[in-house]
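In terms of the numbering used here, the sequence shown opens at residue 520 and continues consecutively. Each residue gets a CB set at the ideal place from its N, CA and C atoms; glycine is no exception. Nothing here was measured: the structure is a model prediction, and the numbers come from that model. To start, the structure itself, in structure tokens.
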Amino acid sequence: MRTVLILVFAAFGAYSLYVTWALGYVGLWEACMANIGTWQLLLDFIIMSGLALGYMARDARRTGRKLWPYALITLAAGSFGPLLYLLLRPAGRSEFSTASVAAS
């Protein structure tokens, strides 16, 4: 799973750098608001970011990790926050914990 996360992080990071270079940060947001279809994608992105922040907040409380760096990255750069949160989780937590899901 860690290898997949590293590959996704690297590939998406490279693509994001290219898009930001080509459009600029403001141009990227302008493109996101260009029509009703891109608004749907933007809203989907916001919803998923909120869900990821909720998961990270619960997991961080349970495991004693600091949430703020990952929350800040999520708010500024989207899925890079949750990807880093999963990549940098403590050893021994290689998969999602079913105990935390069952407890809720």
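How should residue i be labelled, buried or exposed, when 16 other C-beta atoms within 10 angstroms of its C-beta is the threshold for buried?
{"i": "Thr539", "result": "exposed"}
{"i": "Ala529", "result": "exposed"}
{"i": "Pro609", "result": "exposed"}
{"i": "Gly600", "result": "buried"}
{"i": "Ala553", "result": "exposed"}
Quick check on DSSP: helix, strand or coil for residue i?
{"i": "Pro609", "result": "coil"}
{"i": "Arg584", "result": "coil"}
{"i": "Ala553", "result": "coil"}
Output needed for residue i: all residues of its chain with C-beta closer than 7 angstroms, excluding positions within five of it in sequence on either side, in chain order.
{"i": "Leu524", "result": "Leu602, Leu605, Leu606"}
Using a Cβ-Cβ cutoff of less than 6 angstroms, which residues in the same chain neighbour residue i once the five nearest sequence positions on both sides are dropped?
{"i": "Val620", "result": "Low confidence applies to Val620: its pLDDT is 49, below 50, so where it sits in the model is not reliable, and the reading given next is rough at best. Here the set comprises nothing."}
Would you call the CB atoms of residue i and residue j closer than 8 angstroms?
{"i": "Gly597", "j": "Ser568", "result": "yes"}
How many whole angstroms separate the CB atoms of residue i and residue j, which I take to be in contact at a CB cut-off of 8 angstroms?
{"i": "Thr557", "j": "Leu572", "result": "About 22 angstroms; that fails the 8 angstroms criterion."}
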